[in-house]
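Residue numbers (the working numbering), protein chains in the order written: chain A, 10 to 123; chain B, 19 to 132. In this text, a Cβ means the ideal position worked out from N, Cα and C, and glycines have one as well. Given the structure is predicted, the values throughout are model-derived calculations rather than measurements.
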Amino acid sequence: NAGVTQTPKFQVLKTGQSMTLQCAQDMNHNSMYWYRQDPGMGLRLIYYSASEGTTDKGEVPNGYNVSRLNKREFSLRLESAAPSQTSVYFCASREAGLYRGIQYFGAGTRLSVL
Amino acid sequence: AQSVTQPDIHITVSEGASLELRCNYSYGATPYLFWYVQSPGQGLQLLLKYFSGDTLVQGIKGFEAEFKRSQSSFNLRKPSVHWSDAAEYFCAVGAGNQGGKLIFGQGTELSVKP
């Protein structure tokens with residue numbers, strides 16, 4: 010029972026480099042989310058995918074793109090990394106039941122942009 | 019606007035003492051409320067949730083929380099804290115938009131003295 014798996018766990022980038030954060034869930038959930046966690050700010054939604062084939066912006070989408078590759082996988086891409094994107098990134102998936110569903114989180118990706 | 023406030027950034031309690039972590043929310047409709055715990059370097063684990071019904075909800079690891087609509091609060095409690103409870107705790111409300119995202123408080127870091 011892996012749940013939500015994120016790769017990589019750690020990454021250091023230089024300003025302007027690109028990278029893709031990978032996320033996969035094995036719980037057959039329809040909805041998936043990307044959050045970023047910054048000190049004193051809790052978690053904020055970057056993008057979400059309500060179902061396979063759909064993606065939408067969250068609160069802080071600038072500088073990011075996403076792809077819902079299939080029902081299991083939801084990736085987050087930084088095209089040109091900036092120091093302001095230094096953060097911890099969490100992927101989550103939500104069980105069915107409209108907005109009552111519990112969200113399950115991965116272990117996170119700790120990203121530093123120099 | 020929907021929001022969650024955790025007034026205490028950091029709390030220190032002695033092992034065996036009781037604990038109460040405060041959470042206040044602002045939400046127009048009936049809220050779906052959650053408490054998550056994050057151990058150092060780990061992802062978020064659900065402690066408990068409130069959807070409807072009994073306002074006192076029980077969770078894992080001996081935690082409970084009470085929903086008080088009149089005070090817009092959902093405080094987390096534990097009668098006797100263990101050293102392993104040291105972690106960061108997040109209160110969240112399930113939003114009615116953006117795919118059912120979670121709106122998080124800023125988090126409360128709990129330290130436990132031996």
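Using CA atoms only, rank isn't needed, just tell me which of Ile121/B, Lys131/B, Ser129/B and Val130/B is closest to Gln20/B. Taking the first residue of the second sequence as 1, we reach residue 20/B at position 2. For the residues Ile121/B, Lys131/B, Ser129/B and Val130/B, the minimum Cα distance to Gln20/B belongs to Ile121/B.
Can you list the beta strand (DSSP E) stretches of 3 or more residues lying completely in the stretch 49-95 of chain A, in chain order? 52-58, 73-77 and 83-87
What residues are listed by DSSP as bridge partners for Met28/A? As a position in the first sequence, residue 28/A is number 19, starting the count at 1. Beta-bridge pairing links Met28/A to Leu87/A.
Nearest candidate by alpha-carbon position, reference Ser27/A, set Lys18/A, Asn74/A and Cys100/A: Here the question's residue 27/A lines up with position 18 in the first sequence. The alpha carbon of Ser27/A has as its nearest neighbour, out of Lys18/A, Asn74/A and Cys100/A, the alpha carbon of Asn74/A.
Interface residues of chain B around Gly51/A at Cβ under 7 angstroms? Indexing the first sequence from 1 puts residue 51/A at position 42. Close partners of Gly51/A in chain B (Cβ separation under 7 angstroms): Phe108, Phe122, Gly123, Gln124 and Gly125.
Pairwise C-alpha distance: His100/B and Arg119/A: The residue you call residue 119/A lines up with position 110 of the first sequence. The residue you call residue 100/B lines up with position 82 of the second sequence. In a straight line, the C-alpha of Arg119/A is about 28 angstroms away from that of His100/B.
How about the stretch 26-42 of chain A and the stretch 75-91 of chain A: do they share at least three Cβ pairs that are nearer than 8 angstroms? yes
Hey, Leu94/B and Tyr68/B: beta-carbon distance below 8 angstroms or not? Position 76 of the second sequence, counted from the first residue, corresponds to residue 94/B. Position 50 of the second sequence, counted from the first residue, corresponds to residue 68/B. Going by C-beta atoms, Leu94/B is not nearer than 8 angstroms to Tyr68/B.
The stretch 39-56 of chain A / the stretch 121-132 of chain B touching (three or more Cβ pairs under 8 angstroms): yes
Output yes or no for whether 8 angstroms exceeds the beta carbon distance between Lys119/B and Gly115/A. Position 101 of the second sequence holds residue 119/B. Position 106 of the first sequence holds residue 115/A. No, they are not a contact pair.
Which residues bound the beta strand (DSSP E) around Leu66/B? On the second sequence, residue 66/B is found 48 positions in, with the first residue counted as 1. Unbroken beta strand (DSSP E) run through Leu66/B: Leu62 to Tyr68.
Which bits of chain A does Gly77/B rub up against, with CB to CB less than 8 angstroms? Here residue 77/B is taken as the residue at index 59 of the second sequence, counted from 1. The contacting residues do not exist; Gly77/B stays about 12 angstroms from chain A at best.
Identify, in the order they occur along the chain, each residue of the same chain with its Cβ nearer than 6 angstroms to the Cβ of Ser121/A, setting aside the five sequence neighbours on each side. If you number the first sequence from 1, residue 121/A lands on position 112. Closer than 6 angstroms at Cβ, skipping near neighbours: Val21 and Thr95.
Where does the unbroken beta strand (DSSP E) through Phe52/B begin, and where does it stop? For the purposes of this step, residue 52/B is taken as residue 34 along the second sequence, with counting starting at 1. Boundaries of the beta strand (DSSP E) harbouring Phe52/B: Tyr50 to Gln56, taken from the DSSP string.
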